[in-house]
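With our numbering, letter number 419 in the sequence shown gets 420, and the count goes up by one each step, no holes.
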Amino acid sequence: MSKRIYIFDTTLRDGEQSPGISLNSSEKLNIARQLSELGVDVIEAGFPAASKGDFEGVRSIAKDVRGSTIAALARANKQDIDRAWEAISDAENPRIHTFIATSDIHMKYKLKMKRSEVVEKAVEMVSYASRFCPEVEFSPEDAARTEPEFLYRVIEAVINAGAKVVNIPDTVGYMAPGEFGGLIRNIRNNVSNIDKALISVHCHNDLGMAVANSLAAIENGALQVECTVNGIGERAGNAALEEIVMALKTRNDYYQTSTGIITEKIYRTSSMISIATGMHIQANKAIVGANAFAHESGIHQHGMMSNSKTYEIMTPISIGLKQSQMVLGKHSGRHAFEEKLKDMGYSNLNQEEVNRAFESFKDLADKKKFVMDRDIEALITQESRNTFEKYRLEYYQISSGSEITSTSTVRIKCNDDVYEEAACGDGPVDATFNAIERAIGVRVKLDEYLIKAATGGKDALGEVTVKISKDNMRSAGYGVSTDVVEASAKAYINAINNMEPRIEEPIRVEPQVLGPMKNHNFFGAGDVDNWRFEI
Ligand code: KIV
Ligand code: ZN
């Protein structure tokens, strides 16, 4: 009988700690719903004591998401644990995940605590958390660099104190697979009460071994793996969920295990998270990279045509990538469009979302002869990112060329108001971003701008992802259009909209507002430079 491996997803906690990522509560909730649909056993929704935003994000997930256990992280102190419990107490199955470092280097330089004090603290906090929460997980941070005898002592003590799950983190991605597997085996052989808890592992990817280490741990008795979608996370990231799951599935003959993941939902989850976080997936990334199922060389193509198993160990369909695509066009009606959505797995869209997607599809079909699955996916993604759409692009016009200063005029709708502004810039995109900032009355910093074509062909849909920041807040935005300036404008406005719910005061500063509509304010290149300099 195959062993059941539990998938603990920490995309919303460790993944969100990746440099440059910051998700608002509604983005986190959308991701958590998708993770639950994917079949994740435990969703680590965040670190409630870290900030008010984190707390709210975890709380809304705990209230809304059913089917998966909802975990919250807490340092080993009462305030963190109280805050974590307050955030997850409404969950169907809540779990408090508390941790304290146990390696000599962390205890000496970070905690400034002795071994005996660390054990005492861990025990005290596990029993404190167990008073409220039926499921408590404990992590000895930097376990991989902890002196083994001391590690066994800590684990035994926290299990006696009530920990139901003990998680062994390779916090700095230091261990080699054979070594990490051996550590798990030794824990099983040296901790007298280990049968009273489930062993979990949490591997970082600093040496590119996070997935290999997690799999080695499974071979040696770990029953839970902590991972993130697309492997995002601190520094080089965490073990990638899709790689672990597909390794276990594809090599079931070897690992003899199963997971609860519906692998056909991997691809969509991966693109959704890539877009929401603004973290692009490298083309040659295992499982979800654009080239993961592409065959370029003649020899490979020939083999594939004779029998796909020659060069393919798993099918694209098994991760939700459809190969044969029924193409839609401008004569396709609503029925065909809805059938296509169902076929692509978008069965959970509500009527309003379907209506909006259909309108965007019709607009696109007027400009593009063949509308492919990838185009539809991009349109749906754009719609789903617009759940908080305070500002909406109504119109833009640019004047640009090699010998003239680019200028852009934008008209932006905000509730019943319409604002129109113009600005110059270094190229049409810069001019349009300047005009948007001017119309909305906000100054943000553009940290990253990325553009790519969703499909091949000159009429391809351009996909733009931007990352912006303002003070200590960051946000990502996404926009698509056959016109790249329009896609850029939509992405920029989307990023500003996503930042808005986290700003206590509304973004719009009224004295700077020059609208309502028809109040043009044109300023020259010099002014723009200064203005952007202040940002
Ligand atoms: O990497 C780590 O050690 C962690 C712990 C909090 C589990 O993320
Ligand atoms: Zn970690």
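Where is the CB? At the ideal position from N, CA and C, for every residue including glycine.
Check residue 239 in the structure and name its three-state DSSP category.
strand
Residues in the same chain with beta-carbon distance under 8 Å from residue 50, minus the five sequence neighbours each way, listed in chain order, please.
56, 75, 76, 80, 81, 84, 85
Which residue marks the beginning of the beta strand (DSSP E) containing residue 95, and which one marks its end?
95-102
From the DSSP output, in three-state form, read off residue 407 for me.
strand
Looking at the structure shown, is residue 313 part of a helix, part of a strand, or coil, going by DSSP?
coil
Note down, in chain order, each residue of its chain lying with its Cβ closer than 7 Å to the Cβ of residue 290, except the 5 sequence neighbours on either side.
282, 283, 284
Can you tell me whether residue 60 is buried or exposed, with buried defined as 16 or more other CB within 10 angstroms of its CB?
buried
Looking only at C-alpha atoms, which of 333, 426, 119, 5 sits nearest to residue 42?
5
Less than 8 Å between the C-beta atoms of residue 203 and residue 180, yes or no?
no
Determine the extent of the beta strand (DSSP E) in which residue 284 is found, giving its start and end residues.
No beta strand (DSSP E) contains residue 284, which DSSP labels as neither H nor E.
Is any non-hydrogen atom of the ligand KIV found closer than 7 Å to the C-beta of residue 149, if you look at the structure I gave you?
no
Looking at the ligand KIV, does it come within less than 7 Å of residue 49, judged from the CB to the closest heavy atom?
no
Would you decide whether residue 72 is buried or exposed? Buried here means 16 or more other CB atoms lie within 10 Å of its CB.
buried
Compute the beta-carbon to beta-carbon distance between residue 462 and residue 456, rounded to the nearest angstrom, for a pair I have assumed lies under 8 Å.
7 Å
Please tell me whether, using a cut-off of 7 Å, the distance from the CB of residue 170 to the nearest non-hydrogen atom of the ligand KIV is below it.
yes
Counting Cβ pairs, one atom from each stretch, are 3 or more of them under 8 Å apart for the segment 273-282 and the segment 228-239?
yes
Below 7 Å, is the gap between the Cβ of residue 235 and the nearest heavy atom of the ligand GTP?
You won't find the ligand GTP in this model; what it holds is the ligand KIV and the ligand ZN.
With a threshold of 8 Å, are at least 3 pairs of Cβ atoms found where one atom belongs to the segment 409-420 and the other to the segment 336-346?
no
Assuming the contact rule is C-beta atoms closer than 8 Å, residue 493 and residue 437 should be a hit. Round their C-beta distance to whole Å, please.
5 Å
With a threshold of 7 Å (Cβ to nearest heavy atom), would residue 215 be considered close to the ligand KIV?
no
Could you tell me whether the segment 196-216 touches the segment 158-174, using the rule of 3 or more Cβ pairs below 8 Å?
yes
When you compare each of 22, 218, 26, 368 to residue 501 by their alpha carbons, which one comes out closest?
26
To the nearest angstrom, report how far apart residue 190 and residue 106 are at their CA atoms.
26 Å
How close, in whole Å, do the beta carbons of residue 163 and residue 137 come, if the pair is a contact with beta carbons under 8 Å?
6 Å
Expressed to the nearest angstrom, what Euclidean distance is found between the alpha-carbon atoms of residue 444 and residue 432?
14 Å
Buried or exposed: where does residue 67 fall if 16 or more other Cβ atoms within 10 Å of its Cβ makes it buried?
exposed
I want to check one thing, is the minimum distance from the CB of residue 15 to the heavy atoms of the ligand KIV below 7 Å?
yes
Among the residues of its own chain, which have a CB less than 7 Å from the CB of residue 128, if the five just before and after it don't count?
162, 163
Rounded to a whole number of angstroms, what is the C-alpha to C-alpha distance between residue 293 and residue 479?
24 Å
For residue 507, name the three-state secondary structure that DSSP assigns.
Per-residue confidence for residue 507 stands at a pLDDT of 49, beneath the threshold of 50, marking its modelled position as unreliable; no derived number is given.
So the alpha helix (DSSP H) residue 179 belongs to, where does it begin and stop?
178-191
Close Cβ partners of residue 121 (< 8 Å) along its chain, the five nearest in sequence each way excluded:
none
So the beta strand (DSSP E) residue 133 belongs to, where does it begin and stop?
Run containing residue 133: none in the beta strand (DSSP E); it sits in the alpha helix (DSSP H), 116-133.
Please indicate yes or no: does the CB of residue 205 lie closer than 7 Å to some heavy atom of the ligand ZN?
yes
Alpha carbon to alpha carbon, how far is residue 150 from residue 119? Give it in angstroms, no decimals.
14 Å
For the candidate residues 104, 377, 159, whose alpha-carbon lies nearest to that of residue 195?
159
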